[in-house]
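Chemist:
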Amino acid sequence: MGKEGKTDLSSRDDLMGKIVALCKRRGFIFQSSEIYGGINGFWDYGPLGVELKRNLKNIWWEDVVRKRDDIVGLDAAIIMNPKVWEASGHVGGFSDPMVDCNKCKARFRADRIFTVIGRVGDDVIVSAGVEADSDLSARDKVLIEANSKTRHKIDHYRDQIKWVMFSADKVPPNEKALCPLCEGELTEARKFNLMFKTSIGAMEDSSSVAYLRPETAQGIFCNYKNVLDTSRVRPPFGIAQIGKAFRNEINPRNFTFRSREFEQMEIEFFCHESDADKWYEYWRDARYKWYIDLGLTSSRLRLRDHEKEELAHYAASCADIEYDFPFGISELEGVANRTDYDLKKHQEHSGKDMTYFDDQTKERYIPYVIEPSGGVDRAVLAFICEAYTEDEAPNDKGKMQKRVLMKFHPRLAPIKVAVFPLVKKEGMPEAARKIYDDVLASGLTCFYDEKGAIGRRYRRQDEAGTPFCVTVDGQTFEDQTVTIRDRDSLKQDRIAADKVVEYVRERIG
RNA sequence: GCGGGCGUAGCUCAGUGGUAGAGCGCCACGUUGCCAACGUGGCUGUCGUGAGUUCGAAUCUCAUCGCCCGCUCCA
């Protein structure tokens with residue numbers, strides 16, 4: 344990280360560096376397996392981070408499942424029958440071997456790139472890389488495209504030339520595959536399958552192969568019939584799930600933003616085709632508002648409708664909810680109209696009937712699916728970036744000093760209340776302990792601290808994002824009141840000691 | 001995956017071949033009467049990891065892991 348000569352870009356980088364440092368310093372997020380040198384793309388949530396993340400998931404679950412009568416929950420297994428991933432297209436689609444050019448850095452599908460070499464003895468008369476359907480058509484293409492000098496040579500040696508043709512995924516020993524664009528050397532063919540593979544049972548043979556799910560959605564689609572048959576729901580209705588998913592990303596980046604193990608919070612909302620557009624718009628707008636209500640400012644948050652060309656093959660429409668991170672604008676959640684694509688695919692592959700029969704209209708149909716699918720870790724990171732604030736506060740001599748605070752929405756804050764004795768004597772610790780016990784008993788997260796100067800204790804809570812700090816002082820013993828300090832404004836109210844829980848609850852909302 | 005930069009205490013970093021450092025932090029005791037106070041004492045290191053060169057490596061070489069930036073990729 345640069346120390347000086349900051350451009351706009353590097354000061355944004357610096358901001359991300361400060362956020363990463365604070366996350367570690369205060370125990371929000373650690374790198375996985377750090378003592379062994381870490382492991383790329385995996386992260387651990389520390390004591391404050393796990394509270395923050397859990398708060399976020401609980402609020403989501405409350406808002407989309409418990410407070411609604413049209414959505415039910417689900418917790419599906421991470422490992423599913425491998426046929427699920429054939430039906431979803433995850434096994435077939437992303438496993439083509441690819442090659443890169445070492446020189447011009449272009450990337451190609453290995454089985455589509457051929458190298459053609461013509462030799463007389465050990466002399467190479469012609470060698471070229473070419474994109475083609477077969478080795479013979481590749482040679483023809485090379486002959487047609489050859490320049491006049493090369494053509495001359497080829498004609499001259501005609502019957503003596505020994506041809507070698509091969510695709511970039513089947514390079515013979517001692518040969519090298521060539522780039523069709525720049526004639527540079529190509530890398531070995533590599534398979535780019537995003538799914539983590541494992542095996543079931545003690546013996547690792549091919550019959551036992553299984554995958555860690557690359558998305559949670561398929562667990563919902565596979566249980567759609569079970570839920571319909573057991574939960575007395577009928578379209579329009581949704582199934583919600585929070586769970587881990589795994590993708591063997593080529594290039595994990597940007598702290599926890601793109602990691603190989605991550606958590607999704609996802610709804611699959613089933614409705615009639617004729618209502619699909621209406622529900623799509625409903626969920627797109629509702630999900631956008633959800634983030635704003637939890638404290639992401641609308642200037643950094645944006646809702647972006649996908650262009651027609653940008654849509655995945657299964658989606659009729661799609662919108663991204665994006666956040667302007669210090670490293671750039673990136674997606675938090677996607678809301679898509681997936682049509683009846685998924686249920687149809689599972690009906691085809693499993694042979695099981697996925698239709699719904701509507702008793703009132705006497706219509707039988709496969710429902711359309713609206714999918715609001717959010718990344719939990721991405722949302723946590725967005726709230727962390729949003730909360731990170733530097734301002735100035737006076738020290739004990741009234742001089743302004745830099746202060747770092749995390750302005751979490753009180754609902755998200757890992758610790759809701761901290762309780763301090765002003766000094767460690769005259770019974771103040773005991774009185775503060777009692778208040779601490781009361782707050783804990785109420786179910787609010789609370790932190791007790793009597794170490795060091797009062798100002799230091801306030802600042803420590805500022806970095807943890809604790810919205811309220813309660814202090815027991817001399818006056819507490821005269822009129823049973825305490826001061827309660829607001830994290831953002833630094834203002835203090837004096838309230839009755841037994842009203843702390845009530846005061847905080849009112850402001851958490 | 002490619003190219004570049006970086007990796008030293010919990011954090012920020014200094015240290016260009018000769019006994020591992022500073023500031024902050026953390027812990028204890030005292031002091032302290034509302035915003036990173038003060039005093040005294042204390043703790044903290046596989047110098048990312050492994051190998052090599054050398055009498056001697058944090059320092060030079062190679063490999064490897066991790067982080068950052070750009071490209072690439074992105075169901």
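Mapped onto the working numbering, the consecutive letters of the first sequence carry residue numbers 344 to 852.
By construction, the Cβ of each residue, glycine as well, lies at the ideal position given by its N, Cα and C atoms.
#1: If we call anything under 8 Å between Cβ atoms a contact, is Arg754 one with Asn398?
#2: Can you give the beta carbon distance from Gln690 to Met697, rounded, assuming they're within the 8 Å contact cut?
#3: Pairs of beta-carbons, one from the stretch 409 to 416 and one from the stretch 385 to 394, closer than 8 Å: are there three or more?
#4: For Arg575, which three-state DSSP category applies?
#5: So which of His499, Phe700, Glu518, Asn566 has the shortest CA-CA distance to Pro578?
#6: Is Tyr666 near the ligand ATP, in the sense that its beta carbon is under 7 Å from a heavy atom of that ligand?
#7: Leaving out five residues before and five after Ile382 in sequence, what residues of the same chain have Cβ atoms less than 6 Å from its Cβ?
#8: For Gln744, which residues of its own chain have a beta-carbon under 8 Å away from its beta-carbon, when the five flanking residues on both sides are left out?
#9: Of the residues Ser491, Tyr711, Val815, Arg681, which one's Cα is nearest the Cα of Val825?
#10: Can you list, in chain order, the residues of its chain with a C-beta nearer than 8 Å to that of Ile468? Leave out the 5 residues immediately preceding and following it.
#11: For Gly677, which three-state DSSP category applies?
#12: Let me know the secondary structure DSSP gives Val393 once reduced to three states.
#13: Report the residue from Leu748, Asn597, Gly562, Pro772 whose alpha carbon sits nearest the alpha carbon of Trp428.
#14: According to DSSP, is Val507 part of a helix, a strand, or is it coil?
#15: Based on Cα-Cα distance, which residue from Glu733, Ile402, Arg776, Val844 lies nearest to Asp831?
#16: Short check: CB of Ala807 to CB of Pro772, under 8 Å?
#17: Pick from Phe385, His656, Phe751, Tyr623: whose alpha carbon is nearest that of Ala588?
#18: Measuring CB to CB, does Tyr631 end up less than 8 Å from Asn680?
#19: In angstroms with no decimal places, state the Cα-to-Cα distance between Ile362 and His649.
#20: Expressed to the nearest angstrom, what Euclidean distance is found between the alpha-carbon atoms of Ile487 and Tyr684?
#21: Nearest-angstrom Cα distance between Lys513 and Phe457?
#22: Using a Cβ-Cβ cut-off of 8 Å (strictly less than) and excluding sequence neighbours within five positions of Leu783, which residues of its own chain qualify?
#23: With a floor of 4 residues, list each alpha helix (DSSP H) that falls wholly inside the stretch 588 to 655, ordered by position along the chain.
#24: Does Gly380 come out as helix, strand or coil in the three-state DSSP assignment?
#25: Can you round the beta-carbon distance between Asn566 and Ala419 to whole angstroms, since I take them to be within the 8 Å contact cut?
#26: By Cβ distance, which residues of its chain are closer than 6 Å to Ile414, with the 5 residues on each side in sequence left out?
#27: Between the alpha carbons of Arg828 and Tyr657, how many angstroms are there, rounded?
#28: What did DSSP end up calling Lys842 once you bin it into helix, strand or coil?
#29: Are the CB atoms of Pro515 and Leu537 nearer to each other than 8 Å?
#30: Please classify Thr573 as buried or exposed, where buried requires at least 16 other C-beta atoms within 10 Å of its C-beta.
#31: How many angstroms separate the CA atom of Pro637 from the CA atom of Glu714?
#32: Helix or strand or just coil, what does DSSP make of Thr819?
#33: Work out the CA separation of Gly360 and Asp387 for me, nearest whole Å.
#34: Ser542 to Phe605, Cα distance in whole Å?
#35: Among residues of its own chain, excluding the 5 on either side of Asp454, which ones have a beta-carbon nearer than 6 Å to its beta-carbon?
#36: How would you call Val552, buried or exposed, if buried means at least 16 neighbouring beta carbons within 10 angstroms?
Modeler: In terms of the structure at hand:
#1: Against a cut-off of 8 Å, the Cβ pair of Asn398 and Arg754 comes out as a contact.
#2: Indeed, because the Cβ distance is near 4 Å, the residues count as touching under 8 Å.
#3: Too few Cβ pairs lie closer than 8 Å, so no.
#4: DSSP, read as helix, strand or coil, puts Arg575 in coil.
#5: Closest in C-alpha terms to Pro578, from the list His499, Phe700, Glu518, Asn566, comes Phe700.
#6: Questions concerning the ligand ATP fall outside what the structure shown contains, since it holds no ligand whatsoever.
#7: Within its own chain, the residues whose Cβ lies closer than 6 Å to the Cβ of Ile382, once the five positions on either side in sequence are excluded, are Ser375, Ser376, listed in chain order.
#8: Cβ neighbours of Gln744 beyond the five flanking positions: Glu735, Ala736, Pro737, Asn738.
#9: With distances taken between Cα atoms, Val825 lies closest to Val815.
#10: The answer, listed in chain order, is Gly461, Arg462, Thr493, Lys496, Ile497, Tyr500, Ile504.
#11: In the structure shown, Gly677 sits in a strand (DSSP, three-state: E or B).
#12: Three-state DSSP puts Val393 in a helix.
#13: Nearest of Leu748, Asn597, Gly562, Pro772 to Trp428, Cα basis: Gly562.
#14: Three-state result, Val507: strand.
#15: The candidate whose alpha carbon is nearest that of Asp831 is Glu733.
#16: For the pair Ala807 and Pro772, the CB atoms are not nearer than the 8 Å cut-off.
#17: For the residues Phe385, His656, Phe751, Tyr623, the minimum Cα distance to Ala588 belongs to Phe385.
#18: Going by C-beta atoms, Tyr631 is not nearer than 8 Å to Asn680.
#19: In a straight line, the C-alpha of Ile362 is about 31 Å away from that of His649.
#20: Using only the alpha carbons, I get a separation of about 44 Å.
#21: For the pair Lys513 and Phe457, the Cα-to-Cα distance works out to about 9 Å.
#22: Cβ neighbours of Leu783 beyond the five flanking positions: Cys789.
#23: Within the stretch 588 to 655, the complete alpha helix (DSSP H) segments of 4 residues or longer fall at 619 to 636, listed in chain order.
#24: Coil.
#25: 6 Å between Cβ atoms; contact.
#26: Within the same chain, Val407, Val408, Gly581, Ala583 come within 6 Å of Ile414 by CB-CB distance, once the 5 residues on both sides are set aside.
#27: One Cα belongs to Arg828, the other to Tyr657, and the distance between them is close to 52 Å.
#28: Lys842: helix per DSSP, three-state reduction.
#29: Against a cut-off of 8 Å, the Cβ pair of Leu537 and Pro515 comes out as no contact.
#30: Exposed, by the Cβ-count rule.
#31: A quick correction: the sequence has Leu, not Pro, at residue 637. Approximately 21 Å between the Cα atoms of the pair.
#32: Helix.
#33: Between the C-alpha atoms of Asp387 and Gly360 there is a straight-line separation of about 18 Å.
#34: Straight-line Cα distance between these residues: approximately 21 Å.
#35: Here the set comprises Ser510, Asp512.
#36: Its Cβ having fewer than 16 others within 10 Å, Val552 is exposed.
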